[in-house]
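**Q** Numbering (the working numbering), first residue to last: 105 to 444.
C-beta atoms are modelled at their ideal positions from N, C-alpha and C, and glycine is treated no differently.
Have a look at this one.
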């Protein structure tokens, strides 16, 4: 039996430039981090069985080896790709549910690949695991997503991802002063909206707007505005990196506010009146800037708060219906917890 876990991610700057529709034309760059909220996978090869059993929000039981009958697309494509040799039992549990903007599907994929590769005695680097997870989700499952979530889950820590036009990713671990890390943890605050959404719809809309901007027969208009927005978001990621090394957390908050303002121009599904009202309330209570995590439309807010304003922000947003969640950064990435 193998038990593996992979962390969820917290996007810090440059998000969206990891979409193929952007980096294949302009290269992508972003800052992302892993936090101490996890997806756990338990995998076992039963001594006597002739089925594949997959447990998540429901339970699937499929005759082995009829992989194509599995409805969970990530499990189906992963075990087909790795050519499962025997019947399997796969069960998952997570600190956070799907649809919260935390990259849960990618954390699941990375943990699943880590567990299965361990079971099959294949020694894979975290870079290999991240790329395999991208291949499973983007190429095999046809999800309109980028590469950020898989790499954050595999590597852990606070990283910069630079993505070449051919999709190759260079990862730099940002070796920050401990004081900066502690202050960042203290001044970042996360709140759950209790709104779940389908990231594929929002990211699909975003990708289509970016792709449309490259079409030679499109007149200059809103599509070019969306493309300009993505260029600016990439620049913000570079500026945030400088601020991390200088310890200027206030400026990171200001840049995060700029990011949020710009990102809303890329997708009409990014925000709604309730999200805007919560954001504006947060600003009155000491938030320098923030954004909805992931594709947007719901899930978690993350804010950078002024020094001394944690309590007032927490009280105001909880009174308005949001749920505060404490967290720390995770510096381990995907790992096997048990192999028995």
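1) Helix, strand or coil: which one does DSSP assign to residue 121?
2) Under a Cβ-count criterion, where at least 16 other Cβ atoms within 10 Å of its own Cβ denotes burial, should residue 118 be classed as buried or exposed?
3) Could you check if residue 443 is buried or exposed, using at least 16 other CB atoms within 10 Å of its CB as the buried criterion?
4) Is the separation between the beta-carbon of residue 150 and that of residue 111 shorter than 8 Å?
5) Helix, strand or coil for residue 445? Go by DSSP, reduced to three states.
6) With DSSP as the reference, please indicate the residues paired to residue 489 in a beta bridge.
7) Along the chain, where does the alpha helix (DSSP H) containing residue 132 start, and where does it finish?
8) Looking at the unbroken beta strand (DSSP E) that takes in residue 394, where does it start and where does it end?
9) Is it right to say residue 377 is buried, meaning 16 or more other beta carbons lie within 10 angstroms of its own, or is it exposed?
10) If you compare alpha carbons, which of 362, 402, 393 and 400 is closest to residue 413?
11) Count the other CB atoms, across all protein chains shown, that sit within 10 Å of the CB of residue 165; report buried if there are 16 or more and exposed otherwise.
12) Starting from residue 193, follow the beta strand (DSSP E) in both directions and report where the run begins and ends.
13) Within a Cβ cutoff of 7 Å, which residues of the same chain sit near residue 276, ignoring the five residues on either side of it in sequence?
14) Terminal residues of the continuous beta strand (DSSP E) containing residue 428?
15) Can you give me the start and stop residues for the beta strand (DSSP E) that residue 288 sits inside?
16) Does the region 285-297 come close enough to the region 122-135 to have 3 or more Cβ pairs within less than 8 Å?
17) Check whether the region 184-199 touches the region 248-262, taking contact to mean three or more Cβ pairs, one atom from each stretch, closer than 8 Å.
18) Going by other Cβ atoms of all chains shown within 10 Å of its Cβ, with 16 needed for buried, is residue 254 buried or exposed?
19) Sorted by chain position, which residues of the same chain lie with C-beta nearer than 8 Å to residue 440's C-beta, five sequence neighbours on each side aside?
20) Using DSSP bridges, identify the partner residues of residue 265.
21) I need the boundaries of the alpha helix (DSSP H) containing residue 235, first residue and last residue.
22) Using DSSP with H/G/I as helix, E/B as strand and the rest coil, what is residue 220?
23) Given that a residue counts as buried once 16 or more other Cβ atoms are within 10 Å of its Cβ, and exposed if not, what is residue 425?
24) Would you identify the three-state DSSP class for residue 248, choosing helix, strand or coil?
**A** So, to answer that:
1) coil
2) buried
3) exposed
4) no
5) A query on residue 445 cannot be resolved here, the shown segment of the chain reaching from 105 to 444 and no further.
6) Residue 489 lies beyond the range of the chain shown here (105 to 444); nothing can be said about it.
7) Segment 132-148 is the beta strand (DSSP E) holding residue 132; no alpha helix (DSSP H) there.
8) 391-396
9) exposed
10) 393
11) exposed
12) 193-198
13) 263 and 264
14) 427-429
15) From DSSP, residue 288 is part of no beta strand (DSSP E) but of the alpha helix (DSSP H) over 282-291.
16) no
17) no
18) buried
19) 106, 107, 108, 218, 219 and 222
20) 134 and 275
21) 230-238
22) helix
23) exposed
24) coil
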